[in-house]
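Participant: First residue of the sequence shown: 88, per my numbering; consecutive thereafter. Glycine included, C-beta positions come from ideal geometry on N, C-alpha and C. To start, I am sharing the structure in question, which I have written as structure tokens.
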Amino acid sequence: MRASFIHIADTHLGYEQYGVRERFNDFSRAFWDIMDEAAHRPVDFVVIAGDLFNKRAIDALTLIHAIEGLKKLKEKHIPVIAIEGNHDRSYYRDGISWLQFLCHQEYLTLLAPIMRDGAPVLNYWQPGTMRGSHIDLHDGRLRVYGLPWQGAATSRSMEGLAGALAAARAGEDAEGVEYRLLIMHTGIEGIVPRVQGLPTMSQFQPLRTCVDYLALGHVHKPYEFDGWIYNPGSTETWGAEEAAWEDRGYYFVEIDTGEPEKVIDPNKMARYHHATHLVSKRRPFVRHELRVDGLNEPNALYARLEDYCQREAYKHQDGSLRPLVQIQLIGTLNFDAGSLDLPHMEEIVTNHFRPLYVRVDNNTNDQDYIPEGGDIDGRDRSAWHELERRIFEDLVSRDNRYLPAKEQWSTVLADLKKMALDKDDPTTIAQFLRDKRTELLGK
88 MRASFIHIAD
98 THLGYEQYGV
108 RERFNDFSRA
118 FWDIMDEAAH
128 RPVDFVVIAG
138 DLFNKRAIDA
148 LTLIHAIEGL
158 KKLKEKHIPV
168 IAIEGNHDRS
178 YYRDGISWLQ
188 FLCHQEYLTL
198 LAPIMRDGAP
208 VLNYWQPGTM
218 RGSHIDLHDG
228 RLRVYGLPWQ
238 GAATSRSMEG
248 LAGALAAARA
258 GEDAEGVEYR
268 LLIMHTGIEG
278 IVPRVQGLPT
288 MSQFQPLRTC
298 VDYLALGHVH
308 KPYEFDGWIY
318 NPGSTETWGA
328 EEAAWEDRGY
338 YFVEIDTGEP
348 EKVIDPNKMA
358 RYHHATHLVS
368 KRRPFVRHEL
378 RVDGLNEPNA
388 LYARLEDYCQ
398 REAYKHQDGS
408 LRPLVQIQLI
418 GTLNFDAGSL
428 DLPHMEEIVT
438 NHFRPLYVRV
448 DNNTNDQDYI
458 PEGGDIDGRD
468 RSAWHELERR
478 IFEDLVSRDN
488 RYLPAKEQWS
498 TVLADLKKMA
508 LDKDDPTTIA
518 QFLRDKRTEL
528 LGK
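Now the structure itself:
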């Protein structure tokens, strides 16, 4: 038996990232491009491993965009087999979900097994109920199973599924099933450190003897293991951290159970298929961490940002899609964060990159104060006045604008504090500060 399919996940249709309407269209275009690819090759079927939509409650335009992509395959009689992910899974009280609507309209087959005692029941999918664990293709020689998002019950459901598949194996062999594909919306613990609560690799192992290809979704970083576990990654950049995973996209898979040597890669462990990972077409997303360490005034930071933009912006001036740019300020800030002009920094980026969207985030740390010499005990009330003076002087000296008169400015800060504690009139305090600025800075 020969067959081919495309495996995608996490398209997140309908996501208007950062409130930018064009991002809504970007997610749809990435999906349409892959649907065009599937129709053009053409493949025998397409699997969607969850999160077709970004949320359960979608608007009409999101539905129209989904249909626009899926109808290209329907017109060519290419089946689409999908499962629900955590983003688009319906609440029980909602009745029919939008994925079920697409299934009812025959744009896709939505696999949804009946769960019993935490384990899926292996029954053929029924169009009348839109329930069932699997469907057969190629005259029953290729079987596709699906297990939608299970949340906290994932590990238990996997254990039950592995047991059910193992028990059904002899019967499937007798029926002539040659190749088994399982679609799941979950990930593997440790692939992305901050994503917790996923099954471990060892918990996936019981499935290895039961399926030939495990099509995963949920984790947006692409990965594959041992010739049977595959996760394509998100098709568009859903979160800024994904910009580092440039190889996100989809899989094109060729199967040959009769003469596998014609398709398999001898350097990989796949038995009957060859999976080619392809990068999806998407808008450029530039994410840069700009270190602030060693800079003693805002202008020095602006100059560092200007230098970065001059070095990098030309790479995105080729007439293609305008990029999104996120600058993260990191490190220890040696001057008052309040003096940072973030809108000015965004203007610098805009002038160079001409982006669709730009954001500068201040993720810096304030420098902790350590008394010079460590000779003052803060628990001694009699030393508080001197400790306060040193702290004010140290804080003032971190900004080069105030460094020449740091002693005078530390006195000004102490006076301002006293005036505030004495509940002096705010206009009096403001005028006092203006007078001191004129006296010490000449402006």
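Rank L209, E262, G215 by C-alpha distance to the C-alpha of F188 and give the top, closest one.
Facilitator: As a working note, residue 188 is residue 101 in the sequence shown. Of the candidates L209, E262, G215, the one whose C-alpha sits nearest the C-alpha of F188 is G215.
Participant: DSSP three-state call for Y194: helix, strand or coil?
Facilitator: Locating residue 194 in the sequence shown gives position 107, counting from the first residue. Of the three classes helix, strand and coil, the one that applies to Y194 here is coil, per DSSP.
Participant: Residues bridged to L78 by DSSP?
Facilitator: Examination of residue 78 is not possible in this model, given that the chain is present from 88 through 530 alone.
Participant: When burial is assigned at 16 or more other CB atoms within 10 Å of the CB, is N438 buried or exposed?
Facilitator: As a position in the sequence shown, residue 438 is number 351, starting the count at 1. Exposed.
Participant: Compare the Cα-Cα distances from D380 to each of G406, H364, N487, N421 and report the closest residue.
Facilitator: In the sequence shown, residue 380 corresponds to position 293, counting from 1. D380 has its Cα closest to that of N421, out of G406, H364, N487, N421.
Participant: List the endpoints of the continuous beta strand (DSSP E) containing N318.
Facilitator: Residue 318 sits at position 231 when you count from the first residue of the sequence shown. Taken as a continuous stretch (DSSP letters only), the beta strand (DSSP E) holding N318 covers 316 to 318.
Participant: Opposite E341 in the DSSP bridges: which residues?
Facilitator: Walking along the sequence shown from the start, residue 341 turns up at place 254. E341 is bridged to S91, H361.
Participant: My output table needs one value for G156: the three-state DSSP class, helix, strand or coil.
Facilitator: Position 69 of the sequence shown holds residue 156. Helix, per DSSP.
Participant: Return the chain-ordered list of same chain residues with a C-beta closer than 7 Å to the C-beta of T241, the five sequence neighbours on each side being excluded.
Facilitator: Residue 241 sits at position 154 when you count from the first residue of the sequence shown. Hits under 7 Å: T273, P286.
Participant: Buried or exposed: where does Y338 fall if 16 or more other Cβ atoms within 10 Å of its Cβ makes it buried?
Facilitator: As a working note, residue 338 is residue 251 in the sequence shown. Y338 should be labelled buried.
Participant: Under 6 Å Cβ to Cβ from Y456, same chain only, skipping five residues before and after it: list those, please.
Facilitator: Residue 456 sits at position 369 when you count from the first residue of the sequence shown. Bear in mind that a pLDDT of 49 at Y456, under 50, signals an unreliable position, so the model cannot answer this.
Participant: Cα-Cα, which of H364, F291, V373, H403 is closest to I121?
Facilitator: Working through the sequence shown from its first residue, we reach residue 121 at position 34. The shortest Cα separation from I121 among H364, F291, V373, H403 belongs to H364.
Participant: Applying the 10 Å Cβ sphere with the 16-neighbour rule, what's the burial state of G284?
Facilitator: The residue labelled residue 284 in the question sits at position 197 within the sequence shown. Counting Cβ neighbours within 10 Å, G284 comes out exposed, since fewer than 16 surround it.
Participant: DSSP three-state label for T273, please.
Facilitator: On the sequence shown, residue 273 is found 186 positions in, with the first residue counted as 1. Correct three-state label for T273: strand.
Participant: May I have the straight-line CA-CA distance separating R108 from T149, to the nearest angstrom?
Facilitator: On the sequence shown, residue 108 is found 21 positions in, with the first residue counted as 1. On the sequence shown, residue 149 is found 62 positions in, with the first residue counted as 1. The straight-line gap from Cα to Cα measures roughly 12 Å.
Participant: Express the C-alpha separation of F291 and E155 in angstroms, rounding to a whole number.
Facilitator: In the sequence shown, counting from the first residue as 1, residue 155 sits at position 68. In the sequence shown, counting from the first residue as 1, residue 291 sits at position 204. Rounded to whole angstroms, E155 to F291 spans 35 Å at the Cα level.
Participant: Based on DSSP bridge pairs, tell me the residues matched to D334.
Facilitator: Locating residue 334 in the sequence shown gives position 247, counting from the first residue. Its beta-bridge partners do not exist; DSSP assigns none.
Participant: Bridge partners of Q213, per DSSP?
Facilitator: Within the sequence shown, the letter at position 126 stands for residue 213. In the DSSP output, where bridge partners are listed per residue, Q213 has R218.
Participant: Would you check if there are 3 or more beta carbon pairs closer than 8 Å linking the stretch 342 to 355 to the stretch 369 to 385?
Facilitator: No: fewer than three Cβ pairs fall under 8 Å.
Participant: Within its chain, find whatever has a CB closer than 8 Å to the CB of A206; leave out the 5 residues flanking it on each side and keep chain order.
Facilitator: Your numbering for residue 206 matches position 119 in the sequence shown. Taken in chain order, the residues that qualify are R243, S244, E246, G247, L248, G250, A251.
Participant: Do you know offhand how far I516's Cα is from D522's?
Facilitator: Numbered from its first residue, the sequence shown carries residue 516 at position 429. Numbered from its first residue, the sequence shown carries residue 522 at position 435. One C-alpha to the other measures close to 10 Å.
Participant: What residue from H152, G137, A90 has the CA that sits closest to R116's CA?
Facilitator: For the purposes of this step, residue 116 is identified with residue 29 of the sequence shown, where counting begins at 1. Comparing Cα positions, the closest option is H152.
Participant: By DSSP, does A144 sit in helix, in strand, or in coil?
Facilitator: As a working note, residue 144 is residue 57 in the sequence shown. Of the three classes helix, strand and coil, the one that applies to A144 here is coil, per DSSP.
Participant: State buried or exposed for Q413, treating a residue as buried only when at least 16 other CB atoms are found within 10 Å of its CB.
Facilitator: Looking up residue 413 in the sequence shown gives position 326. Per the 10 Å Cβ criterion, buried.
Participant: Just curious, the alpha helix (DSSP H) that V499 is in, first and last residue?
Facilitator: For the purposes of this step, residue 499 is taken as residue 412 along the sequence shown, with counting starting at 1. Taken as a continuous stretch (DSSP letters only), the alpha helix (DSSP H) holding V499 covers 493 to 508.
Participant: Which partner residues does G304 have in the DSSP bridge list?
Facilitator: As a first step, residue 304 is located in the sequence shown; it is residue number 217 there, counting from the start. Partner(s): H272, T273.
Participant: Is it a yes or a no for the stretch 367 to 377 touching the stretch 99 to 108, going by three-plus beta-carbon pairs under 8 Å?
Facilitator: With the cut-off at 8 Å, the stretch 367 to 377 and the stretch 99 to 108 do not touch.
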